[in-house]
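For the record, the sequence lines run as chains A and B. Under the UniProt record's numbering, the residue at position 78 of the first sequence is numbered 78, and the numbers go up by one with no gaps. Under the UniProt record's numbering, the residue at position 457 of the second sequence is numbered 457, and the numbers go up by one with no gaps. Don't be surprised by glycine CBs; every beta carbon is placed ideally from N, CA and C. The structure displayed is predicted, hence computed values, not measured ones. Below you'll find the structure, written out as structure tokens, and then a few comments.
Protein chains: 2
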Amino acid sequence: MQDIPKHVQYFENLLGKENTKSDKLHKLAYSYDATREEREPDIVLFPRDENEISKILFYCNAHKIPIVPRGAGSGFTGGSIVAQGGVVLALEKYMNKILELDQKNLIVRVQPGVINKDLQNFVESHGLFYPPDPASENQSTIGGNVSENAGGMRAAKYGITKDYVMAVRAVLPNGDIIRAGKKTIKDVAGYNIAGILIASEGTLAVITEITLKLLSKPILKRSAMGVFDTIESAMNAVYKTMASGVTPVAMEFLDNLSIRAVEQKFHKGLPMEAGAILITEVDGNLPEEITYQLAKIEEKFKENGCVDFKVAKDSKEGEDLWFARRNVSQSISVYGKKKLNEDITVPRANLPLLLAEIDKVSKKYGFKIPCFGHTGDGNVHTNVMVEDLNDLEKGHQAITEIFKIAVDLEGTLSGEHGIGLAKAPFMNLAFSPEEMQLFRSIKQAFDPNNILNPNKMGL
Amino acid sequence: MQDIPKHVQYFENLLGKENTKSDKLHKLAYSYDATREEREPDIVLFPRDENEISKILFYCNAHKIPIVPRGAGSGFTGGSIVAQGGVVLALEKYMNKILELDQKNLIVRVQPGVINKDLQNFVESHGLFYPPDPASENQSTIGGNVSENAGGMRAAKYGITKDYVMAVRAVLPNGDIIRAGKKTIKDVAGYNIAGILIASEGTLAVITEITLKLLSKPILKRSAMGVFDTIESAMNAVYKTMASGVTPVAMEFLDNLSIRAVEQKFHKGLPMEAGAILITEVDGNLPEEITYQLAKIEEKFKENGCVDFKVAKDSKEGEDLWFARRNVSQSISVYGKKKLNEDITVPRANLPLLLAEIDKVSKKYGFKIPCFGHTGDGNVHTNVMVEDLNDLEKGHQAITEIFKIAVDLEGTLSGEHGIGLAKAPFMNLAFSPEEMQLFRSIKQAFDPNNILNPNKMGL
Chain A
1 MQDIPKHVQY
11 FENLLGKENT
21 KSDKLHKLAY
31 SYDATREERE
41 PDIVLFPRDE
51 NEISKILFYC
61 NAHKIPIVPR
71 GAGSGFTGGS
81 IVAQGGVVLA
91 LEKYMNKILE
101 LDQKNLIVRV
111 QPGVINKDLQ
121 NFVESHGLFY
131 PPDPASENQS
141 TIGGNVSENA
151 GGMRAAKYGI
161 TKDYVMAVRA
171 VLPNGDIIRA
181 GKKTIKDVAG
191 YNIAGILIAS
201 EGTLAVITEI
211 TLKLLSKPIL
221 KRSAMGVFDT
231 IESAMNAVYK
241 TMASGVTPVA
251 MEFLDNLSIR
261 AVEQKFHKGL
271 PMEAGAILIT
281 EVDGNLPEEI
291 TYQLAKIEEK
301 FKENGCVDFK
311 VAKDSKEGED
321 LWFARRNVSQ
331 SISVYGKKKL
341 NEDITVPRAN
351 LPLLLAEIDK
361 VSKKYGFKIP
371 CFGHTGDGNV
381 HTNVMVEDLN
391 DLEKGHQAIT
401 EIFKIAVDLE
411 GTLSGEHGIG
421 LAKAPFMNLA
431 FSPEEMQLFR
441 SIKQAFDPNN
451 ILNPNKMGL
Chain B
1 MQDIPKHVQY
11 FENLLGKENT
21 KSDKLHKLAY
31 SYDATREERE
41 PDIVLFPRDE
51 NEISKILFYC
61 NAHKIPIVPR
71 GAGSGFTGGS
81 IVAQGGVVLA
91 LEKYMNKILE
101 LDQKNLIVRV
111 QPGVINKDLQ
121 NFVESHGLFY
131 PPDPASENQS
141 TIGGNVSENA
151 GGMRAAKYGI
161 TKDYVMAVRA
171 VLPNGDIIRA
181 GKKTIKDVAG
191 YNIAGILIAS
201 EGTLAVITEI
211 TLKLLSKPIL
221 KRSAMGVFDT
231 IESAMNAVYK
241 TMASGVTPVA
251 MEFLDNLSIR
261 AVEQKFHKGL
271 PMEAGAILIT
281 EVDGNLPEEI
291 TYQLAKIEEK
301 FKENGCVDFK
311 VAKDSKEGED
321 LWFARRNVSQ
331 SISVYGKKKL
341 NEDITVPRAN
351 LPLLLAEIDK
361 VSKKYGFKIP
371 CFGHTGDGNV
381 HTNVMVEDLN
391 DLEKGHQAIT
401 EIFKIAVDLE
411 GTLSGEHGIG
421 LAKAPFMNLA
431 FSPEEMQLFR
441 SIKQAFDPNN
451 ILNPNKMGL
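Rendered as structure tokens:
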């Protein structure tokens, strides 16, 4: 980036020195996300409101300065780090307020920098419920969640971020401020701009305000765990349960490698020989609903080879059942220095085939590939564990094969992490040249000078 | 349109004479929709498959021929009629097949010309459930439903068409065939193209295949009706019930004028003096769920001035309760020769204010304005009844005021009917010049020669 001192001067005049940073410490602090890749911006800006964002974008557009909106920087694909210098627009410092709770309409209006878990806690204190719960919920922001269309454990029943976004305010790259969507359940006037901004990874506009749908908080919930001898039987149980007329809140799995890793670290008495465990939760307002759902799940599990089914007696036991799932990600590091983790997703009925194919990749390349994740919606976190860093290239070959398998099984490169920089090279596995051209045309329609988060998503 | 014989010749070579029509009868048959406006196309084409559609679009694009995709022609805003000559692409003749029922994943894949009710019946015969049920369900096609983002009575609990579209195949104006979305619940790779095609009214691409999410069919349902002395108390009951922790499948209302119209025509013993009635339905898999929901609704209704609450004993009585709602649209014609009907939508808690303001418009202009509709999601069908056709202009002024009221109450011009030609003049009430410019940029990205359904949506 050229003329940095000149641009810094402009931004200092606009935002104040305290909100315009180009020192080494700030550049470092805003250079990374959960990919652990480091790319330093030239300038970090802390806008206080939408009007400042509009002026910043207008200026960057006029000077063709790349600019990347950023929440907590907890993403897994490099969505919030610069590709090659430029400005980071840091939204977590000031743009972090819950603006309105509309209990009459079950709606909350927030700024993008609000942390997911803070929002959940806030609305639950009013008897309401915001279901999307990405594993990063304690760090990640709603703006980031919307930009990546974050999922989470409760997606099996409650869907993902896009199912809760009713409206947004946003600033276009030219500085224009727009509203999109409404506080109404139905709205068919004009193109669905909010819909295309979701999962656009900050490449089309900077979202400055988000209106979210809330639900009433269910009164009761109960967890259960099923143990299976083989992963195939567990995967069969998943899709047959989900098609049985009950919809559990969550339906998570750990494969044998994942179970062993957690057990070795925490000694919780997990079934070390099991092919897989499924951990599930149901909710409702009536005890009868809970009983009915658990009975149906037990029936479907046992029809499909479940050798042990345990229902948590209370919330304490429920938390114990969930312990393995919540601690699996850190535990599997025992299998290798470098973890290449992906979040492919397939239609649920293809899960048995997917896991069988991943096993073949593991054997072919000689890597352990522990798998766990959100099987209730077909989303599997695959982790190619590389022990010898000289094998990294081979690890990436294994990942490429896994992506191909997922796409062949009518699945997607990413269920919830996004594309960003990390998966950009694989976009051509999933999309035709015509489809990529359409993406570029849309990018061009919003951002003709290509200043907003450039070089992401393979565009 | 120029050179019609030349174009007819080309299309006859491509599709055969039997699928290329430019005679008066066909032009007339494809000139109207439910707006009753008549605009004749120059040519009507009946493509047999996606490849033919691709070739037709390529040709139209090269010759800048306007082309309008059409399903059943049952829309309320002119979305499927030509603005000014050109080609109608009639999809109901051949592109009307259910291609795949995937019971393992609760998914169905259809061509755009499948009639909504046929799809509902088909999946219900397999114990599955496709909730969107627009009033036009016996005529309207899934392609039209997707293009207008159709709602229906069950939207209060089950959402609208967009909540069920997982993926589409479509042909771009240049003839490129694209896929968008996946058979997976989560998919965040690439821009949400399926999301922006929904409700785009056939202005961006021709949808050739639609993959829809299904649910398991709930085992039980029960209907109930509440009678209220005033419309205000009924509207308060609506939003307080919807925020109470139960979510009825439907929560429909008729105001006093609507009740009287049905009663005068059908003599069903409706409460002629009531300010409004609310008709509701709950569903579930357990009797306890039904009882719980009905008790909560009764409690909320009675807290808000319900003077009579009746639960249907069986499905026969349930049908009787729904009779008034199903027959209100035809009944209100007693109030005037010309019905100017709109489908404004507001956040539910603003319904009492909305209905009060509509009453003022009624008094100011001297028109009867019977209102009914989907209050469970804030969607009100307002009907300005014009007796003397010399008063039509005044009727349109009343409609304009109603649109302004809806927008001022954080609502939308259209909850489910779309914009098309009919509401195009009102787009500037709802959108800023910057927002309209963004719509035009998106249109341009998909359709640079503006051949696809031009002059719709105020673009």
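When you compare the CB of residue i with every CB in chain A, is at least one pair closer than 8 Å?
i: B/F228; result: no
i: residue 464 of chain B; result: Look at the range of chain B in this structure, 1 to 459, and you will see that residue 464 of chain B is not part of it.
i: B/T345; result: yes
i: B/I259; result: no
i: B/M457; result: yes
i: residue 482 of chain B; result: Nothing about residue 482 of chain B can be read from this structure; chain B reaches only from 1 to 459.
i: B/Y239; result: yes
i: B/N74; result: Looking at the sequence provided, one finds Ser at residue 74 of chain B rather than Asn. No, because no Cβ of chain A sits closer than 8 Å to the Cβ of B/S74.
i: B/F431; result: yes
i: B/L45; result: no
i: B/K300; result: no
Given residue i, which residues of its chain have a CB within under 6 Å of its CB, disregarding the five upstream and five downstream residues?
i: B/V334; result: A261
i: B/G152; result: P132, D133 and P134
i: B/C60; result: I67 and I451
i: A/H417; result: F76, T77 and D343
i: A/K456; result: E201, T203 and G420
i: A/A349; result: Y239
i: A/H26; result: V44
i: B/V227; result: P271, A274, I277, V307 and D308
i: A/T161; result: P132, N145, V146, N149 and A150
Just mark residue i as buried or exposed, buried being the case when its beta carbon has 16 or more other beta carbons within 10 Å.
i: B/S74; result: buried
i: A/M272; result: exposed
i: B/G71; result: buried
i: B/I4; result: exposed
i: A/E319; result: exposed
i: B/N33; result: Position check: residue 33 of chain B holds Asp in this sequence, whereas Asn was assumed. The residue in question, B/D33, is buried, as its Cβ has 16 or more Cβ neighbours within 10 Å.
i: residue 498 of chain A; result: With chain A covering 1 to 459 only, the question about residue 498 of chain A has no answer from this structure.
Determine, for residue i, whether the minimum Cβ-Cβ distance to residues of chain B falls below 8 Å.
i: A/L355; result: no
i: A/D176; result: yes
i: A/D408; result: no
i: A/Y191; result: yes
i: A/E232; result: no
i: A/Y292; result: yes
i: A/V68; result: no
i: A/V171; result: no
If you drop the 5 nearest sequence neighbours on each side, which residues of the same chain put their C-beta closer than 8 Å to that of residue i?
i: A/S184; result: Note that residue 184 of chain A is Thr in the sequence shown here, rather than Ser. Contacts found: M166.
i: B/Y10; result: Y59
CB-CB under 7 Å to residue i, same chain, minus the five flanking residues each way: which ones, in chain order?
i: B/V361; result: I369, A398, E401 and I402
i: B/W322; result: S223 and I279
Practice item. Report yes or no: do three or more beta-carbon pairs, one from the region 226-240 of chain A and one from the region 248-259 of chain A, lie closer than 8 Å? Key: yes
Check your understanding: Pairing CB atoms from the region 199-210 of chain B with CB atoms from the region 197-216 of chain A, are three or more of them under 8 Å?
Key -> no
Review point. Is there contact here, the region 83-99 of chain A with the region 5-22 of chain B, by at least three beta-carbon pairs under 8 Å?
Key: no
Check your understanding: Where are the beta strand (DSSP E) runs, 3 residues long or more, that stay fully inside the region 17-67 of chain A, in chain order?
Key -> 43-45
Practice item. Spell out a yes or no on whether the region 170-181 of chain A and the region 414-428 of chain B are touching, meaning 3 or more CB-CB pairs, one atom from each, closer than 8 Å. Key: no
Practice item. Would you mind listing the alpha helix (DSSP H) stretches within the region 75-134 of chain B that are 4+ residues and don't spill past its ends, in chain order? Key: 116-124
Point to revise | Completely contained alpha helix (DSSP H) runs for the region 337-406 of chain B, where each covers 4 or more residues | key: 351-365
Review point. Does the region 388-398 of chain B touch the region 282-290 of chain B, meaning 3 or more C-beta pairs lie closer than 8 Å?
Key: no
Point to revise | Length at least 3, wholly inside the region 284-340 of chain A: the beta strand (DSSP E) runs in chain order | key: 306-311
Check your understanding: Any contact of the region 348-362 of chain A with the region 324-339 of chain A, i.e. 3+ C-beta pairs under 8 Å?
Key -> no
Exercise for review: Taking 8 Å as the threshold, find out whether the region 291-310 of chain B comes into contact with the region 290-310 of chain A through three or more Cβ pairs.
Suggested key: no
**Study point:** Entirely enclosed alpha helix (DSSP H) segments - the region 243-270 of chain B, minimum 4 residues
**Key:** 256-266
Point to revise | 4 or more residues per run - each alpha helix (DSSP H) lying fully within the region 143-214 of chain A | key: 155-158 and 193-197
Check your understanding: With a cut-off of 8 Å, do at least 3 Cβ pairs link the region 106-120 of chain A to the region 204-218 of chain A?
Key -> yes
Exercise for review: May I ask you to list, following chain order, the residues of the region 390-402 of chain A that have a beta carbon less than 8 Å from some beta carbon of chain C?
Suggested key: No chain C appears in the structure shown, which is made up of the protein chains A and B.
Practice item. Spell out a yes or no on whether the region 406-416 of chain B and the region 383-394 of chain B are touching, meaning 3 or more CB-CB pairs, one atom from each, closer than 8 Å. Key: no
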